[in-house]
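With mature numbering (1 follows the signal peptide of the UniProt record, and there is no 0) as the guide, the letters of the sequence shown map in order to residues -26 to -1, 1 to 155.
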Amino acid sequence: MERSKGCLSLLLLAAVVASLVAGSSAGIYHIVGAGKGWQMAPNRTYYGEWARTRNISVGDKLMFLYRSGVYNIVEVPSRDLFDGCSMRNITNRYQNGPTIIELIPPAGPRYYFCGVGKHCEEGQKLKIYVAPFAPSRTQNDDQAEEPDDDGDVISGSPAPAAVPLLALAACLLALSLLLLM
C-alpha cells in the first residue's frame, strides 16, 4: 500500500514536471547542475563550471531538481552577499523542489545558493549572467561573452531549444533522483 502511494506520487510529480516544461515554448530550460541536479557539489567550482557552458537569457527558465527539506534555493541581490553566503537581504527563497525559476527582466547577474547548513560555503552556489532577451537562438548563433559586476565572464556555448526532448529528459532525471531518495 505504502509503495503504491509512493509510485503514484512519483508518477504525479513526473506529470507535473513534464507539463510545466512542455507547456511553454518561450525560452530555454536549463537543468541546473545537469545530471547532478541541485545538491552538494563535488567541488567548489562545479556550478560555476556548469554556468560557463550555458548562454542564459531573459525568458529562459532555471530548473533546480532537489529534495525538499534537504536543500533549498536562496536568491540574493549582490555579489558580496553571494560570496559571503549571507542570508541578509534575501530576494527569494524556494523550499519545495523541484523549482523552476523564470528569468524575467532586467538582464544582469543573478546569485543563488543553498541556505541549508554549510552547503553554500562548500560550493552549492550558482552565479549566472542573464543576457537580454534573445528571440531566436540556434546552435550556430555567435555567442558574446558578458561580464558580471566584477568583470568575471559568465557565458559559454548555446543550449539547443529542444523543449519536447528536454521535457522528457527532465522527467527522467526527476524520477531517477526521487527513486534514489
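Here a beta-carbon is modelled for each residue, glycine too, at the ideal position from N, C-alpha and C.
Nearest-angstrom Cα separation, counted from residue j out to residue i
i: residue 38; j: residue 98; result: 12 Å
i: residue 65; j: residue 52; result: 10 Å
i: residue 1; j: residue 36; result: 10 Å
i: residue 8; j: residue 40; result: 12 Å
i: residue 15; j: residue 76; result: 23 Å
i: residue 44; j: residue 81; result: 30 Å
Candidates the options: closest to residue i by CA position
i: residue 48; options: 17, 105, 84; result: 84
i: residue 96; options: 107, 19, 3, 10; result: 19
i: residue 102; options: 93, 25, 62, 92; result: 25
i: residue 57; options: 6, 93, 73; result: 93
Proximity test, residue i beta-carbon vs the ligand NAP heavy atom, cut-off 7 Å
i: residue 54; result: Only the bare structure without any ligand can be found here, which leaves the ligand NAP out of the picture.
Beta-carbon proximity of residue i to residue j, cut-off 8 Å
i: residue 105; j: residue 42; result: no
i: residue 69; j: residue 46; result: yes
Residues bridged to residue i (per DSSP)
i: residue 83; result: 103
i: residue 96; result: Bridge partners of residue 96: none, in fact.
i: residue 48; result: 67, 87
Beta-carbon proximity list for residue i, same chain, < 8 Å, skipping 5 on both sides
i: residue 61; result: 48, 89
Chain-order list of residues whose beta-carbon lies under 6 Å from that of residue i (same chain, five-residue window excluded)
i: residue 86; result: 47, 49, 100
i: residue 22; result: none
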